[in-house]
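J.: Numbering (this note's numbering), first residue to last: 9 to 113. Note that beta-carbon positions come from the ideal geometry of N, C-alpha and C, so glycine has one too. For clarity, every value in this text was computed on a predicted model and none was experimentally measured.
#1: Going along the chain, which residues of its own chain have a beta-carbon closer than 6 Å to the beta-carbon of residue 94, five neighbours each way excluded?
#2: Tell me which residues share the same chain as residue 70 and place their Cβ nearer than 8 Å to its Cβ, disregarding the 5 neighbours each side in the sequence.
#3: What does the alpha-carbon distance come out to for the pair residue 59 and residue 49?
#4: Just to confirm the assignment, what range does the alpha helix (DSSP H) spanning residue 25 have?
#5: Quick check: the Cα distance between residue 110 and residue 92, rounded to an integer number of angstroms?
#6: Check for me: the alpha helix (DSSP H) holding residue 103 runs from which residue to which?
#7: CB-CB under 8 Å to residue 41, same chain, minus the five flanking residues each way: which ones, in chain order?
#8: Which of helix, strand or coil does DSSP assign to residue 82?
#9: For residue 66, does the three-state DSSP call read helix, strand or coil?
#10: For residue 86, which of 20, 75, 98 and 108 has the nearest alpha-carbon?
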């Protein structure tokens with residue numbers, strides 16, 4: 009038993025062999041959790057329902073409030089020129105420009 013474990017340990021130091029073993033194990037039991045950035049992108053683009061998003065973010069260690077916070081952080085923030093352009097086009101009013109500009113700092 010000890011000699012077999014030693015041989016396997018030595019073989020695992022050879023990258024092609026180690027990759028073959030790891031890829032085979034991953035095909036048999038895929039267990040890699042997706043990262044939060046790809047989960048947020050999937051939800052934003054409509055590829056994922058909210059329930060699935062929250063369940064997968066929980067696996068990453070984020071509760072629903074934290075997941076929503078990260079999701080909100082990915083929303084685009086308009087700069088001053090864009091806000092003024094939107095106001096001139098009649099898409100937003102002056103008060104909205106002031107509020108969003110204050111949020112930018």
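T.: Judging by the given coordinates:
#1: 100
#2: 44 and 78
#3: 15 Å
#4: 23-36
#5: 14 Å
#6: 102-112
#7: 64, 67 and 68
#8: coil
#9: helix
#10: 108
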